[in-house]
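Quick mapping for you: the protein sequence lines, in order, are chains L and Y. Counting from 1 along the first sequence, just add 1262 to a position and that's the residue number in the working numbering. Counting from 1 along the second sequence, just add 5 to a position and that's the residue number in the working numbering.
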Amino acid sequence: MKKELTCIVCPMGCQLVVDLDEHNQVRAVDNANCKRGVAYATAECVAPMRTVTGTAPIVGGGIVPVKTDRAIPKELMIDCMMVINETYVPADAPIGTIIIENVLDTGANVVTTKDLHGVN
Amino acid sequence: MISIDLVIVGGGSAGMSAAVAAYDAGLRSILLLERGNALGGILLQCVHNGFGLHRFKEELTGPEYAYRYETQVLERNIPFKLNTTVLDISPDRVITAINSEDGLFTIRAGAIILAMGCRERAKGALNIAGTRPAGIFSAGTAQKYINIDGYMPGNEVVILGSGDIGLIMARRMTLEGAHVKAVCELMPYSGGLARNIQQCLNDFDIPLMLSHTVVEIHGRERVTGVTIAHVDEKRRPIPETRQYIACDTLLLSCGLIPENELTCGAGIPLDRVTNGAIVDQNRQTEIPGIFACGNVLHVHDLVDYVSEEAEIAGRAAAAFVQGNAAASDREIALRTDGKIRYTVPQRITAADAVSVYFRVADVYRNVQITVRDGDRVIYEKKKAKVTPGEMETVRLSADHLRTLDGNCLEFSLVLIDAQEEEQS
């Protein structure tokens, strides 16, 4: 079975064609301009993963942008956001501070993406 | 009046990159003027990832990308003023600016780099019938409310326009608990990146309604709904296809316009297609010593390209001040065929290698990008697909440019084979 996918690894947006066997295992990936596209297509057919970005509240007011430091299973994105929204970040946290370790047992940490140190 | 070698207007990604490049080229008397309360510009509200893949070979969020450049500015002790608005730039490079600390002040600049960025087109709002209740936002305004101020602007959302900011906001609002009911796009194709349609719409089953527009807004105090309709090939709404969607929020993502009031005030000629200054390969405008880069020059897809362009301008401005600017030995005009809408730069005045950026007018498949010097083809490249939403590049080598017969390069798009298109 052939399946078409838009690669999201980089802004090129390659239109990948994935050849799946009867057990939904990837036989071949066509049209990828790089190795990362092949890896993306393989993962996307088996277990789609996404990096989550958003904002978390700061202790004492305001918000700070955050992200997961690696991709997590796509179906956990909304749950991950809900955990992030309830996690308060210290007002002087430097950029890259881990605010949630191993979020939802995904192996990914949620880290801040803006430097609050020396700002407030 | 104080004198400074190089004044940069705008402290976003273009301004910071230009400042760092000028410093690294040996310039020390630099001043960066920024209207906002922090360096970083629009990157600060772009909390999503996907920035820096070309520059840093890793995927950064907007604030992280800004932080890397801010760090470079701070490490070099390049002076900057925040909360400072430039009011006027004169053709002889006198800048008038104002802030609450210094009041009104003027600076005589050896060179100026324009890096003011762009703003959102509000046009979509003006042509829609109905009431004007609360709940109508540009996508970028909604982005600022959510990502900087921490407020959700609404719960039930329709987005008009499928530019990247609209797509990014569809995902962002969904992740924060809103219900995005539809993204309507007037054109038969999206202006956004393919990856954003996948990861921002398809991931959340948000319908992308191509060839659709909003024809009426409903509600008195607050938006209660919108009426959308299919449009024909001349983009006229088809009355029988009108359809009501209940919602409390309408976001407009209808494109970006370079912010060139200061440029016009200085008497710098603009390109009617890009709405940015006409520049040479150094990003020098038609007024010597005034340069432009980033989204004020033409709207970019990727910040990586903004940084690259700003470095060209930064190095060239430093050379201008230091008196090292290469004398221009030629004047080559870059022309386009309509399928290619514009090029940046618009003119070339030296025989060094140069990258030419351009956008196409429509979606074309199986094309050949061709550059001609008179009747002679000096460059060609095949592409399976080009779209208006994705900027293209042609790299002309010094060899290409050294041996030109004429003083004009014609950029055109040749459709290779219409039949192949149907098969693919």
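Beta carbons: idealized from backbone N, C-alpha and C, even for Gly.
Contact under 7 Å by Cβ, residue i with residue j
i	j	result
P138 (chain Y)	R227 (chain Y)	yes
L409 (chain Y)	D367 (chain Y)	no
A356 (chain Y)	R407 (chain Y)	yes
I112 (chain Y)	V14 (chain Y)	no
V1308 (chain L)	A1318 (chain L)	no
G168 (chain Y)	G197 (chain Y)	yes
A71 (chain Y)	L49 (chain Y)	yes
T1349 (chain L)	K1329 (chain L)	no
A116 (chain Y)	V326 (chain Y)	yes
T1368 (chain L)	I1340 (chain L)	no
A403 (chain Y)	A330 (chain Y)	no
L58 (chain Y)	C1272 (chain L)	yes
I250 (chain Y)	I273 (chain Y)	no
A1303 (chain L)	V1291 (chain L)	yes
D1360 (chain L)	N1371 (chain L)	Note that residue 1360 (chain L) corresponds to Ile in the displayed sequence, not to Asp. Going by C-beta atoms, I1360 (chain L) is nearer than 7 Å to N1371 (chain L).
L418 (chain Y)	V372 (chain Y)	yes
A1355 (chain L)	V1321 (chain L)	no
Proximal residues of chain L, C-beta to C-beta of residue i below 9 Å
i	result
D306 (chain Y)	P1273
Rounded straight-line distance, which links the Cα of residue j to that of residue i
i	j	result
K1376 (chain L)	A332 (chain Y)	44 Å
D81 (chain Y)	L109 (chain Y)	For the record, residue 81 (chain Y) in the displayed sequence is Arg; it is not Asp. Approximately 27 Å between the Cα atoms of the pair.
G1324 (chain L)	L401 (chain Y)	49 Å
L181 (chain Y)	P96 (chain Y)	Looking at the sequence itself, residue 181 (chain Y) is Glu, so the reference to Leu does not match. When rounded, the distance between both Cα atoms is 48 Å.
G55 (chain Y)	M6 (chain Y)	43 Å
A134 (chain Y)	I222 (chain Y)	6 Å
G299 (chain Y)	S312 (chain Y)	7 Å
C269 (chain Y)	E125 (chain Y)	19 Å
R1332 (chain L)	I103 (chain Y)	44 Å
Y384 (chain Y)	S22 (chain Y)	30 Å
V1392 (chain L)	K149 (chain Y)	Outside the modelled stretch of chain L, which goes from 1263 to 1382, sits residue 1392 (chain L), for which no answer is possible.
I262 (chain Y)	T279 (chain Y)	8 Å
G17 (chain Y)	C51 (chain Y)	12 Å
N1382 (chain L)	N160 (chain Y)	Reliability of the predicted coordinates at N1382 (chain L) is poor, the pLDDT of 44 falling under 50, and the value obtained from them is presented with this limitation in mind. One C-alpha to the other measures close to 31 Å.
E63 (chain Y)	D309 (chain Y)	12 Å
L302 (chain Y)	I283 (chain Y)	8 Å
T254 (chain Y)	A234 (chain Y)	18 Å
L2 (chain Y)	D29 (chain Y)	Nothing about residue 2 (chain Y) can be read from this structure; chain Y reaches only from 6 to 429.
I170 (chain Y)	T146 (chain Y)	10 Å
E397 (chain Y)	Y74 (chain Y)	25 Å
V185 (chain Y)	I9 (chain Y)	50 Å
A323 (chain Y)	E266 (chain Y)	24 Å
G260 (chain Y)	I141 (chain Y)	16 Å
R346 (chain Y)	E1284 (chain L)	47 Å
A1 (chain Y)	I317 (chain Y)	Coverage of chain Y is limited to positions 6 through 429, which leaves residue 1 (chain Y) absent and any answer about it impossible.
T1268 (chain L)	L275 (chain Y)	37 Å
S105 (chain Y)	L79 (chain Y)	23 Å
Contact list for residue i against chain Y, beta-carbon separation under 7 Å
i	result
I1270 (chain L)	R200, Q203, Q204
M1339 (chain L)	L180
K1329 (chain L)	N54, T66
T1317 (chain L)	V52, N152, G155
Under the three-state DSSP convention, the category residue i falls into
i	result
L191 (chain Y)	coil
E181 (chain Y)	coil
L49 (chain Y)	helix
P350 (chain Y)	coil
I211 (chain Y)	coil
M1311 (chain L)	strand
V1365 (chain L)	helix
V399 (chain Y)	strand
G115 (chain Y)	strand
N371 (chain Y)	strand
C205 (chain Y)	helix
I35 (chain Y)	strand
H303 (chain Y)	coil
K1265 (chain L)	strand
N54 (chain Y)	strand
D1281 (chain L)	strand
F61 (chain Y)	coil
T268 (chain Y)	helix
Contact list for residue i against chain Y, beta-carbon separation under 8 Å
i	result
R1312 (chain L)	Q204, D208
K1336 (chain L)	D208
K1297 (chain L)	Correct list: empty, because the minimum Cβ distance to chain Y is about 14 Å.
G1324 (chain L)	G155
Chain Y residues whose Cβ lies nearer than 9 Å to that of residue i
i	result
M1343 (chain L)	L180, E181, G182
C1375 (chain L)	Here the sequence assigns Thr to residue 1375 (chain L), which means Cys is not the residue at that position. The contacting residues are V52, N54, L65, T66, G67, P68, E69, Y72.
I1357 (chain L)	P68, E69, Y72
Residues that residue i contacts on chain L, provided the C-beta gap is smaller than 8 Å
i	result
L275 (chain Y)	Result: empty, since nearest Cβ-Cβ is about 27 Å, beyond 8 Å.
Touching by the beta-carbon criterion (3+ pairs, under 8 Å), the stretch 410 to 421 of chain Y and the stretch 330 to 339 of chain Y: Because the criterion of three Cβ pairs below 8 Å is met, the stretch 410 to 421 of chain Y and the stretch 330 to 339 of chain Y touch.
Any 3 or more C-beta pairs closer than 8 Å across the stretch 27 to 47 of chain Y and the stretch 84 to 91 of chain Y: yes
At least 3 beta-carbon pairs within less than 8 Å: the stretch 188 to 195 of chain Y vs the stretch 209 to 218 of chain Y: In short, these stretches touch, since the Cβ pair count reaches three.
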